[in-house]
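Asker: Residues 33 to 403 in our numbering are what the sequence shown lists, from first letter to last.
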Amino acid sequence: MAAQAPTLQVPKDAELLQAQSDLWRHSLCYVTSTGLRCAIKLGIPTAIHHLGGVTSLPDLITALSLPPAKLPYLRRLMRMLVTMGVFAKADTASDGTTELFRLNALSSILVDGVDADEHHCQTSFVLAATSSHYLEASLGLSDWFKKDFGEGPPPSPFEEVHGVPLLDENTASLNPELDQLVIEAMAAHDNLGIGTIMRECHDLFKGLDSLTDCCGGDGTTARAIVKAHPHLKCTVLDLPKVIHNAPAHDVINFVAGDMFHTIPPAQAVMLKLVLLHWDDEDCVKILAQCKKAIPSREEGGKVIIIEVLVNPSLGPIIHESQVLFDVVMMTVTKGGQRDQSSWAEIFKKAGFSDYKIVKKLGARAVFEVDP
Ligand SMILES: C[S@@+](CC[C@H](N)C(=O)[O-])C[C@H]1O[C@@H](n2cnc3c(N)ncnc32)[C@H](O)[C@@H]1O
33 MAAQAPTLQV
43 PKDAELLQAQ
53 SDLWRHSLCY
63 VTSTGLRCAI
73 KLGIPTAIHH
83 LGGVTSLPDL
93 ITALSLPPAK
103 LPYLRRLMRM
113 LVTMGVFAKA
123 DTASDGTTEL
133 FRLNALSSIL
143 VDGVDADEHH
153 CQTSFVLAAT
163 SSHYLEASLG
173 LSDWFKKDFG
183 EGPPPSPFEE
193 VHGVPLLDEN
203 TASLNPELDQ
213 LVIEAMAAHD
223 NLGIGTIMRE
233 CHDLFKGLDS
243 LTDCCGGDGT
253 TARAIVKAHP
263 HLKCTVLDLP
273 KVIHNAPAHD
283 VINFVAGDMF
293 HTIPPAQAVM
303 LKLVLLHWDD
313 EDCVKILAQC
323 KKAIPSREEG
333 GKVIIIEVLV
343 NPSLGPIIHE
353 SQVLFDVVMM
363 TVTKGGQRDQ
373 SSWAEIFKKA
383 GFSDYKIVKK
393 LGARAVFEVD
403 P
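#1: For PRO90, which option in LEU132, ILE336, ALA122 has the closest C-alpha, if you only look at C-alpha atoms?
#2: For the 8 Å Cβ check, are there 3 or more pairs between the segment 348–356 and the segment 281–296?
#3: Leaving out five residues on either side along the sequence, give the residues of the same chain with a beta carbon under 6 Å from the beta carbon of ALA256.
#4: Given a threshold of 16 other Cβ atoms within 10 Å of its Cβ, counted over all protein chains shown, does LYS334 qualify as buried or as exposed?
#5: Give me the Cα-Cα distance between ASP427 and ALA300, rounded to the nearest whole angstrom.
#6: Would a C-beta distance cut-off of 9 Å place VAL196 and THR203 closer than the cut-off?
#7: Can you find a heavy atom of ligand 1 that lies under 8 Å from the Cβ of MET218?
#8: Reducing DSSP to helix, strand and coil, say where ASN207 ends up.
#9: Under a Cβ-count criterion, where at least 16 other Cβ atoms within 10 Å of its own Cβ denotes burial, should GLN41 be classed as buried or exposed?
#10: Once the 5 residues before and after LYS381 are set aside, which same chain residues still bring their CB inside 7 Å of it?
#11: From which residue to which residue does the beta strand (DSSP E) around SER373 run?
#12: Would you say the beta carbon of ASP211 is closer than 8 Å to some non-hydrogen atom of ligand 1?
#13: Kindly indicate which three-state DSSP category PHE190 falls into: helix, strand or coil?
#14: Between LYS323, SER205, TRP375, LEU74, which has its C-alpha nearest PRO297's C-alpha?
#15: Let me check you understand the geometry: is the CB of PHE399 closer than 8 Å to at least one non-hydrogen atom of ligand 1?
#16: Find the nearest neighbour of THR363 within the set THR129, SER188, ILE295, judged by alpha-carbon distance.
#17: Tell me where the alpha helix (DSSP H) around THR363 begins and ends.
#18: What three-state label does DSSP hand GLU400 in the structure shown?
#19: Can ILE389 and GLN372 be called in contact, C-beta distance under 9 Å?
#20: Is VAL114 close to ligand 1? I mean its beta-carbon at under 8 Å from any heavy atom of the ligand.
#21: Buried or exposed: GLY251, going by 16 or more other Cβ atoms within 10 Å of its Cβ?
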């Protein structure tokens, strides 16, 4: 006899209405991403900046050279983006009726073409994250879950759908524009907030005589560190193709190499936004190489790690962004975002004796890991 299906508990009226709104929000929230992409493609944040940071819709239409008939449609797009926190409404104009829109903190980091200290335009991040390649990988997630890849770590859904991994020397053969966009997006993402780290974590580098910035890219972070700590002997390790294009610096020592083989020795090795790109097994290998590069704990050796620390107590917005980012990392790479117990496990497996969180900065945390 067939087993009887369990009775479904139907939600109460108020719950049902709330559930339907929640379902609309979750099913349609891609419109926030595509609307944000549309705003960037049209150049809305930069246009508002050139208009003095505040604009009416007719002025915006003119600045963007859009057909005047599109004004009512632009109003609807802007209403959605204001509601989602991308732009803000300003007080109405002096006539008391014309609605005005302004940049807020989020849209200000989407202003292009501004050369200012600590401004790292994030448009490439949005364009990469909303690219058809990322979205196709996301749409392939259920097929990826069903497929048995056998022993060992499976390819990422991105690799499964597109045939090559992201952030790989073969990614350009899939699409050179995407490859370049993702490189730019990663640099923009990783450089944002260096000033905050230097202000909030000044003591982190105090007392150190040498530091290796492992996977330090073009040396942007290392330049900020030696500016604040001129006595520090700083080495940047990255792959040859990156180091050969890095701008020279009279104090920083640039070394081309592979962190899985060897890391230039220093009193401290720093990994800033590196481990999120790797699975646990590779993180343990990277950290084991870091341990070889530093002296003992008694001699002041340490590894400095700056990474996302997934934590529900950071409030719904930050925590939501952390877990969304984690699933994106799972979809397009083999990496992910980790909570404290996952980090502790990795540090232990790599042979470190202890660690402490020296600072929490929004979604990220700064760890000091002791050999
Ligand atoms: C996410 S970025 C690092 C971000 C950088 N630490 C920052 O905060 O700006 C990743 C970097 O790791 C480098 N990389 C990848 N594999 C590497 C390896 N095996 N050895 C050294 N560097 C590597 C890449 O070339 C890239 O510059």
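Idealized CB from N, CA, C, for every residue including glycine.
Since this is a predicted model, take the numbers as computed values, not measurements.
Answerer: Quick answer:
#1: For the purposes of this step, residue 90 is identified with residue 58 of the sequence shown, where counting begins at 1. Among LEU132, ILE336, ALA122, the Cα nearest to that of PRO90 belongs to LEU132.
#2: no
#3: Taking the sequence shown and counting its residues from 1, one reaches residue 256 at position 224. Correct list, in chain order: ILE226, MET230.
#4: To locate residue 334, count along the sequence shown from 1; it is residue 302. Buried.
#5: Absent from the structure is residue 427, since the part of the chain shown begins at 33 and ends at 403.
#6: Here residue 196 refers to the residue found at position 164 of the sequence shown. Here residue 203 refers to the residue found at position 171 of the sequence shown. Yes. Within cutoff.
#7: In the sequence shown, counting from the first residue as 1, residue 218 sits at position 186. Yes - ligand 1 has a heavy atom lying nearer than 8 Å to the Cβ of MET218.
#8: Position 175 of the sequence shown, counted from the first residue, corresponds to residue 207. Reduced to three states, the DSSP call for ASN207 is coil.
#9: Here residue 41 is taken as the residue at index 9 of the sequence shown, counted from 1. Under this definition GLN41 is an exposed residue.
#10: For the purposes of this step, residue 381 is taken as residue 349 along the sequence shown, with counting starting at 1. Closer than 7 Å at Cβ, skipping near neighbours: VAL316.
#11: Taking the sequence shown and counting its residues from 1, the one referred to as residue 373 is at position 341. Note, SER373: premise wrong, no beta strand (DSSP E); alpha helix (DSSP H) at 372–381.
#12: As a first step, residue 211 must be located in the sequence shown, where it is residue number 179. ASP211: no, Cβ never under 8 Å from ligand 1.
#13: Taking the first residue of the sequence shown as position 1, residue 190 is located at position 158. Note: PHE190 maps to helix in three-state DSSP.
#14: Numbered from its first residue, the sequence shown carries residue 297 at position 265. Nearest of LYS323, SER205, TRP375, LEU74 to PRO297, Cα basis: LYS323.
#15: Here residue 399 refers to the residue found at position 367 when the sequence shown is read from its first residue. No, since every heavy atom of ligand 1 falls outside the 8 Å radius drawn around the Cβ of PHE399.
#16: Position 331 of the sequence shown, counting from 1, holds the residue named residue 363. Closest by alpha carbon: SER188.
#17: Position 331 of the sequence shown, counted from the start, is the residue given in the question as residue 363. 348–364 is the extent of the alpha helix (DSSP H) around THR363.
#18: Within the sequence shown, numbered from 1, the residue matching residue 400 stands at position 368. Correct three-state label for GLU400: strand.
#19: One-based indexing of the sequence shown puts residue 389 at position 357. One-based indexing of the sequence shown puts residue 372 at position 340. Cβ atoms of ILE389 and GLN372: closer than 9 Å.
#20: Translated into positions along the sequence shown, residue 114 becomes position 82. No, the beta carbon of VAL114 sits no closer than 8 Å to any heavy atom of ligand 1.
#21: Indexing the sequence shown from 1 puts residue 251 at position 219. Answer is buried; the Cβ neighbour count reaches 16.
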